[in-house]
Structures are given as structure tokens and as C-alpha cells.
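Chains as they are written, first to last, in this note's numbering: chain A, 732 to 1137; chain B, 44 to 112.
Working notes, structure below.
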Amino acid sequence: MSDSASIMPEHPPVTDWVNDFDHTDPKWTENPFPIWEELRAASPVVHTGRFLGCYMPTTYEAVKEIAYDTEHFSSRRVIVRDVRPDITARAPPITSDPPEHKPAKQLLLPPFTPDAMKKLEPRVRAICNELIDEFIADGKCDAAARYTKHIPVRAIAHMLGIPEKDGDLFIKWIHGILELGIKDDNALMEAVREMTGYFAAHIEQRKKNPTDDLITTLMKARDKEGNPLADEHVLGSLRLLLIAGIDTTWSAIGSSLWHLARTPADRERLVKEPELMPLAVEELLRAYSPVTMAREVMKETTVSGCPVKPGNMVLLSFPAANRDPSMFPDADKVVIDRKENRHAAFGLGIHRCVGSNLARMEMTVAIEEWLKRIPDFRLDPAGKVTWSEGTVRGPRQLPLLFGKTN
Amino acid sequence: MAGKLKIRVDQDKCQGHARCKSLAPELFDLDEFGNAHEVGDGTVPEGLEDKAYLAQSNCPEIAIEVTEE
């Protein structure tokens, strides 16, 4: 065990969720939905002494209030962890507050519009089919390890102009940052260091030989005064695209296949009525939103009538907001053609996910191509489904059997 | 006969979720940053009224106004 890990606080099992919640507790990881229901019934905002003090808004309304309030809540820390070290590796614009946020975000928006995603779509369809070719003859697979994990990695590599085969490195770094990093500072720092070195080398190469990709686009960007971005800003944004673009969509596609494996009626309906796909993708995003964000309280205020104090973090659970029955009738039910669906899976307010159009395209294509080639599938009773811990929720093992049961 | 519908996207509220463009591409356009605005002067052509309300009820930022003229 590393020195840093050994001084980390223990995480005893939670017995009092309302006053001592912990989003890394195995019960939360396995099935958070009844826990959120209990917290919501207790208060619109709950608090835990863990993580050096942290609030959690439990209703859609309270999540929205915090997401819109950049005066009292800062984005300088966006992961709730055991420690709060000095802020060194920024990742603008996700870690930016106004007024720095808007110019940093506007640099990233044009490459991620729906039209830009249409150009990338044929490559993503090909990636999905290349992956399916590798396991379809086996009649079964771990879909998290063989399929859902690789689609976002290869798509983002393609956009950035780096080799798709470097995907395994990215997956290792992301695991270090988003999962191990919550409790192990060394694992986080090591991953950030390796990732920064990797991208710095790619930036240097492009200074000599510019290419037609997203890294070059960022390097060519100019601020209002006409100055190029500092290398540190380019590196920060690349870190963000990789961290935010992979685990998240991997999880969303995985949860979708997990739902469809267990719900033959929805699966059969999507095969028969492919035009339902856009509504279905939004409903799967609502019901199984992968991403929980964080804020840091900067000034004392109230949220839905509850006082919040500086020095605490906020676990900003868009997934819990999306299960609030006062916002969504039958919130715990997947209604595959839900008509009214203002879900917050990609956030609310100025920090709306910059990659939301990419994520939707990847989810749509990944489910469509899977259903075309494997219309019937189910959970493999010989295997075990496991879920990621912490900030991004999705299946990390998803053993599936193909074909009809008889 | 009911009056014509008109739509308007509040530019201060829109954050570019692009749900409206996906649900009612005839009624909304996106700018280079992916933020939405109404097509033309926002008048909803006959037959597209349901799509106008569908887009409105799926906007996470409550940025779409639908009014009857």
C-alpha cells in the first residue's frame, strides 16, 4: 500500500444513509436507487461527514438550483474525494467558473455539434461491427470488456488524431483517475502525469507537422486578443476530453445493453420499431444516467430551504435528479417511448456536457448495430454483472448469452 | 379556427442540448456552437404544432416559448 493510501480514511459500511451517506459504499455501487429514494424522502439536501464534509441534493429541483448557481458553488473541484489537495491539473472548461468558463467552452463546442457528429458516424458504425465480428461466433461475450468499452475510446482517438490502438493506455489512466483516485492520491497523480506526457509529445509533433484533427484545432485556436492558447490549456482540455468522453459513454452503452438483456419487451419493440430509437436513447439516459458531478461550496446560502456552508463539497447527482418522481411520473420505470423527458443526464446550465451529441450518436449507433446482428440476448446466469464505483456508474462486467432461450 | 403557433428560443437560457433540433428539425436550427434558434420568424407551419409542443416539453433548460397568435 502506498504512503498516501495508508493515511486515507477508512470507509466503514454505512448504517445511517441520511446522515452518513457514502457514494463509494458497495451497496450504493450495486443498487443506488432505493438509497436515493430514502434520502429524498428525508430532505431535499442531505449531508455526510465523510469526504471532509459533503452535501447531496436529492431532488431534481435542488440539483437544478445548484447547477445554475455559479456564485455560491464552484466547479474548481469536480470529483468528491477523500482529500482536497491544491488544485494543479485544471481541465477547462469543466473546472472553470464564470467569467473564464465561456471562452474556454466556446473553443470546444464547434467540433461537437450534431452535424460534426454525422461525419464521424460511419467510422463509429464500422468500429461497432469490427468489435462484434470478434465475438459473435462464440455465442456469448462480456459486453463491457469486448464491446462497450472500446467504442468511445476508438471514437475519441479518431477525433483527436491519435492511434486507436492506444486505447488501452487511456482506459488505464481513466481507471486511475476516476476510480482508484477517489481514495489513492498516488494512483491519480501517476495517471495524470503519464497522460500529460503522452499528449505533450503529440502537441510537439504537431508543432512541426500540423494535422487535420482535434488536437491541431485546439492548437490553432486563438483567444479574444488573438493569442494562441498556452500549452497547459491545450493539455488540460485534452485531459478533459479523454476523461469525460470514455468512461461515461462506455457506462451509458453498457447500462442500455444490461437493460435490454433483462427486458425482452423493450428489445423486441426496438427491433420492430427502430424509429423509436431517439426517444429510447433519451429514456435510457434518464433512467441510467452515468455521470455524477461535484461542486465546492464557496459562500453560505440555502438550497431548497436547506442551509449549506463553505468548506463542504457537493455531490451533484444528476442520476438521482433523473429518478425524482415529482419531475418524472413512474420515475423508476423505463418507459421506452417516454414523450416528455427533460432529463439532466448531461447536466443543466452552463456546464452542459460538451460531448453530449457525441455520446448520443455513439449510444444510438452502438445499440442499433448490436440489435441488427444480435437481436436476442440475455444475462449469462454463469457470470456476474459488476458496476463501477464512484463518479461514473455503469457495468464493468456484463456477461451476455446470444440467441433465444430455447 | 385556432390561431397560428409561434416559437421562440430564449438565447440566455439555451445551453445547446439540441433536443429541439432532434425532435423538430423543421422548426429549429443550431449555430456554430450548437445553440438553438427558431427557423425564420418562428411561425409554426400547419401540421407541425405537435412537434413544437414536443420540443418544448423536452428542453431541459425550459428555453422554448410556444405562443398562440
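We put the beta carbon where it would ideally sit given N, CA and C, even for glycine.
Proximal residues of chain B, C-beta to C-beta of residue i below 8 angstroms
i, result
"A/R1073", "S100, N101, C102, P103, I105"
"A/G1080", "Q58, E104"
Cβ shell of residue i (< 7 angstroms), same chain only, five flanking positions each side left out
i, result
"A/R953", "P959"
"A/T760", "W1118, E1120"
"A/D817", "none"
"A/D1063", "F764, R1054"
"A/A992", "F1108, R1109, L1110, L1131"
Distance between residue j and residue i (C-alpha atoms, nearest Å)
i, j, result
"B/I37", "B/D55", "This structure cannot settle anything about residue 37 of chain B, because the visible part of chain B is limited to 44 through 112."
"B/E75", "B/G59", "10 angstroms"
"A/D734", "A/M920", "Since pLDDT at A/D734 reaches only 43, below the 50 mark, its modelled position is unreliable, and no value is offered."
"B/A61", "A/E741", "43 angstroms"
"A/T1033", "A/P830", "23 angstroms"
"A/S737", "A/D756", "At A/S737, the pLDDT of 45 sits below 50, so the modelled position is not reliable and the matter cannot be decided from this model."
"A/I1050", "A/M1094", "Residue identity check: residue 1050 of chain A is Pro in the sequence provided, not Ile. Rounded to the nearest angstrom, the two C-alpha atoms are 17 angstroms apart."
"A/L911", "B/I50", "48 angstroms"
"A/V811", "B/L48", "46 angstroms"
"A/N940", "A/K951", "13 angstroms"
"A/H803", "A/M1029", "5 angstroms"
"A/V794", "B/F71", "28 angstroms"
"A/V884", "A/D753", "29 angstroms"
"A/D828", "A/Y799", "12 angstroms"
"B/S65", "A/L783", "42 angstroms"
"A/E956", "A/W981", "38 angstroms"
"B/A79", "B/D93", "19 angstroms"
"A/A876", "A/S1087", "23 angstroms"
"A/I1081", "A/E865", "41 angstroms"
"B/N101", "A/A983", "20 angstroms"
"B/E104", "A/K758", "33 angstroms"
Per-residue contacts from residue i into chain A (C-beta, under 8 angstroms)
i, result
"B/E75", "L840, P841, T844"
Close Cβ partners of residue i (< 6 angstroms) along its chain, the five nearest in sequence each way excluded
i, result
"B/M44", "Because B/M44 carries a pLDDT of 49, less than 50, the predicted location of this residue cannot be relied on, and the following value inherits that uncertainty. For B/M44, where only same-chain residues beyond five positions count, there are no Cβ hits under 6 angstroms."
"A/S987", "L1015, I1098"
"A/Y791", "A1052, D1055, M1058"
"A/S1020", "F1049, P1050, N1053, A1076"
"A/M732", "For A/M732, the predicted structure reports a pLDDT of 38, less than 50, and the residue's modelled location is therefore unreliable. A value from the coordinates is still provided. Hits under 6 angstroms: none found."
"A/G967", "R821, A822, P823"
"A/L839", "V1085"
"A/E1013", "N1072"
"A/E796", "V1034"
"A/R1069", "E1014"
"A/I1105", "F1133"
Cβ distance (whole Å) where residue i is taken to contact residue j below 8 angstroms
i, j, result
"A/I858", "A/I887", "With a Cβ gap of about 11 angstroms, A/I858 and A/I887 do not count as contacting."
"A/L1129", "A/V1116", "6 angstroms"
"A/R781", "A/D751", "7 angstroms"
"A/A1025", "A/L1010", "The Cβ separation is near 30 angstroms, so there is no contact."
"A/P1126", "A/G985", "4 angstroms"
"A/C785", "A/N1043", "6 angstroms"
"A/V1096", "A/R856", "5 angstroms"
"A/K914", "A/D813", "6 angstroms"
"A/F1108", "A/L1132", "7 angstroms"
"A/M848", "A/L1089", "6 angstroms"
"A/H889", "A/L851", "7 angstroms"
"B/G46", "B/E89", "Not confirmed; about 12 angstroms, so no contact."
"A/L862", "A/Y878", "5 angstroms"
"A/N860", "A/E1027", "Not really, about 44 angstroms apart at Cβ, beyond 8 angstroms."
"A/E769", "A/V745", "Not a contact, Cβ separation roughly 11 angstroms."
Beta-carbon neighbours of residue i, restricted to chain B and to distances below 9 angstroms
i, result
"A/F1059", "Residues of chain B passing the Cβ test: none, with the nearest at roughly 12 angstroms."
"A/K1070", "L97, S100, N101"
"A/P1056", "Chain B residues near A/P1056: none, gap ~17 angstroms exceeds 9 angstroms."
"A/P1009", "S65, L66"
Contacts of residue i in chain B (Cβ-Cβ under 7 angstroms)
i, result
"A/F1077", "H60"
"A/S1087", "H60"
"A/R1083", "Q58, G59, H60"
Cross-chain neighbours of residue i in chain A, by beta carbon under 7 angstroms
i, result
"B/L48", "Simply none; closest approach about 18 angstroms."
Same chain, Cβ closer than 8 angstroms to residue i, neighbours up to 5 away in sequence not counted
i, result
"A/I946", "L891, G892, I893, F930, H933, I934, R937, V965, L969"
"B/Y96", "V109"
"A/R1083", "F1077"
"A/I902", "K880, V884, I977"
"B/L91", "A67, E69, L70"
Positions along the segment 54 to 70 of chain B whose CB lies within less than 9 angstroms of some CB in chain A: Listed in sequence order: Q58, G59, H60, A61, R62, K64, S65, L66.
Where the segment 83 to 97 of chain B meets chain A: residues whose CB sits under 8 angstroms from a CB there: Within the segment 83 to 97 of chain B, the residues whose Cβ lies closer than 8 angstroms to any Cβ of chain A are, in chain order, L97.
Short-range partners of chain B found in the segment 820 to 838 of chain A, where Cβ spacing is below 8 angstroms: Answer set for the segment 820 to 838 of chain A: Q837.
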